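Asks: Residue numbers (my numbering), protein chains in the order written: chain D, 1 to 202; chain B, 1 to 254. Submitted below is the structure of interest, expressed as structure tokens.
Below is the structure:
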């Protein structure tokens, strides 16, 4: 069973439906016991980093996710959920993340050429830079759907794929049993569903 | 590389897609759910569901259908029509919409875009504008293009982007339904004025119209159309192959 961690940020309807579509049991939950008992943890998130990080800490769910990651359980963050796995973010200030992954979150305006639109929104292709179990059904050149203005930086060794938006932006990361997707697999058609399927096979 | 998006728009009234459609292999051509699945597996990059129902019952049917469609289609889904308040945003987001499109509602309620973008993020708020030439200027029309609001379209769009609109759908009333191509002049004025993605709507009649749009205005991010797709006059996969052959970046299925 996949526990989709519900800490009061964003809409989890599509994520739940996409696991159903690939025949995987998934529950949207804020129950600590249920999350700890799950086989896999999915950390979603949209919106502002500071707000989401605050809710994760206040609810105590951030600590549960950390514990699961430390116990070796497969954990995957999606979009803002991935960004929260890092040490800190520079989104409107400086905010502490869960620190499960080393690296930080910075504005894409730091690295992309002037004149490109922000947010980076739409379908972009992946360049796989390192094998990773969640990419086992994905090839370089496959398209996925992005919506973001910040990206994971200084995480050199952990980047498994990037997307070119005037600069290579971190698309997926892995450190052991912990994974992250900057894009939305639940909105990325068959390619996205294949990533969720691969996560369920980790 | 980021691609140009092709977006079919489904006008839904009392739970059925308006504008007759005729596809091989589609049993119920007026079913929003069946049509959404069809498009999502035939190259559409995104879908727009537009609720043109006026009654409360129609609205309830719409949200039910939206829920079913959203649970079986895994590409971005924008919902518009009858969005006048943050409660309306909440209603359609809970049914699985990813973005919400506001039109007349933003004119009636000037704080709507600000409130909604603060709650759900700019990426969630799409401003849809029906514009038409009046005395040499582009004017905003409300209520499905019936009422001249007196607002200058470029000024209105700039103000809404400042308030937090994350994307613009610009529908030219002048070219809509004519099938003679998109309104390049109007789109140019808007793409030069704002830095958020602009989706062109109104006037697509053939494949060349899309190619001309993206070649002439590389700043336009997406093309939206309804009847040319619904009537099968343009097949989205064929369109995207031709766009790719013309050097326009598109998402092709592997």
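In this text, a Cβ means the ideal position worked out from N, Cα and C, and glycines have one as well. Note that the structure is a prediction, hence the values are computed from the model and not measured.
Hey, how far is the Cα of residue 1/B from the Cα of residue 249/B?
Replies: 7 Å
Asks: Considering only DSSP beta bridges, list what residue 121/D is partnered with.
Replies: 147/D
Asks: Hey, could you find the ends of the alpha helix (DSSP H) residue 238/B is sitting in?
Replies: 236 to 245
Asks: Which residue or residues does DSSP assign as beta-bridge partners of residue 232/B?
Replies: Answer is none; residue 232/B lacks a bridge partner.
Asks: Please report whether the beta-carbon of residue 244/B lies at a distance below 8 Å from any beta-carbon of chain D.
Replies: Judged by the 8 Å Cβ criterion, residue 244/B is not in contact with chain D.
Asks: Less than 8 Å between the beta carbons of residue 224/B and residue 169/B, yes or no?
Replies: Result yes, Cβ atoms of residue 224/B and residue 169/B sit closer than 8 Å.
Asks: Residues bridged to residue 89/D by DSSP?
Replies: 95/D, 105/D
Asks: Classify residue 180/D: buried if its beta carbon has 16 or more other beta carbons within 10 angstroms, exposed otherwise.
Replies: buried
Asks: Could you say which of 86/D, 119/D, 52/D lies nearest to residue 156/D if we only look at CA atoms?
Replies: 86/D
Asks: Just the C-alpha distance for residue 57/D and residue 41/D, rounded to the nearest angstrom, thanks.
Replies: 17 Å
Asks: Name, please, each residue of chain B whose Cβ falls closer than 7 Å to the Cβ of residue 14/D.
Replies: Going along chain B in sequence order, the residues near residue 14/D (Cβ under 7 Å) are 70, 96.
Asks: Return the chain-ordered list of same chain residues with a C-beta closer than 6 Å to the C-beta of residue 133/B, the five sequence neighbours on each side being excluded.
Replies: 174
Asks: Against chain B, with Cβ distances strictly below 8 Å, would residue 192/D count as a contact?
Replies: Yes - at least one Cβ of chain B is within 8 Å of the one on residue 192/D.
Asks: Where does the unbroken alpha helix (DSSP H) through residue 70/D begin, and where does it stop?
Replies: Annotation for residue 70/D: the continuous alpha helix (DSSP H) segment containing it runs 61 to 70.
Asks: Cα separation between residue 107/B and residue 117/B?
Replies: 16 Å
Asks: Check distances from the C-beta atoms of the segment 131 to 147 of chain D to those of chain B and list, in chain order, the residues that come in under 9 Å.
Replies: 139, 141, 142, 143, 145, 146, 147
Asks: Within 10 Å of its beta-carbon, does residue 194/B have 16 or more other beta-carbons around it, so buried, or fewer, so exposed?
Replies: buried
Asks: Quick test of your reading: residue 61/B and residue 98/B, contact by CB under 8 Å. State the CB separation rounded to the nearest angstrom.
Replies: Actually they are not in contact, since the Cβ atoms of residue 61/B and residue 98/B sit about 21 Å apart, beyond 8 Å.
Asks: The alpha helix (DSSP H) with residue 89/B in it runs from where to where?
Replies: Where residue 89/B is concerned, the enclosing alpha helix (DSSP H) stretches over 86 to 94.
Asks: Helix, strand or coil for residue 43/D? Go by DSSP, reduced to three states.
Replies: strand
Asks: Note the first and the last residue of the continuous beta strand (DSSP E) segment covering residue 78/D.
Replies: Looking at the DSSP string, the run of the beta strand (DSSP E) that includes residue 78/D is 75 to 78.
Asks: Under DSSP, the alpha helix (DSSP H) around residue 170/B begins and ends at which residues?
Replies: For residue 170/B, no alpha helix (DSSP H) encloses it; the enclosing beta strand (DSSP E) starts and ends at 167 to 172.
Asks: Pull up the CB-CB distance for residue 244/B and residue 13/D, whole angstroms please, since I reckon it's below 8 Å.
Replies: With a Cβ gap of about 33 Å, residue 244/B and residue 13/D do not count as contacting.
Asks: Would you list the one or two residues that DSSP bridges to residue 181/D?
Replies: 78/D, 172/D
Asks: CB residue 77/B to CB residue 35/B, shorter than 8 Å?
Replies: Cβ atoms of residue 77/B and residue 35/B: not closer than 8 Å.
Asks: In terms of alpha-carbon separation, which member of 241/B, 79/B, 83/B, 190/B lies closest to residue 139/B?
Replies: For residue 139/B, the nearest C-alpha among the options comes from 190/B.
Asks: Less than 8 Å separating the beta-carbons of residue 100/B and residue 65/B?
Replies: no
Asks: Where does residue 151/B sit, in a helix, a strand or coil, going by DSSP?
Replies: strand
Asks: What does residue 124/D touch in chain B if you count any residue whose Cβ is under 8 Å from its own?
Replies: 1, 2, 3
Asks: Which same chain residues end up closer than 6 Å to residue 246/B when comparing Cβ atoms and leaving out the 5 residues on each side of it in sequence?
Replies: 211
Asks: Which residues share a DSSP beta bridge with residue 9/B?
Replies: 48/B
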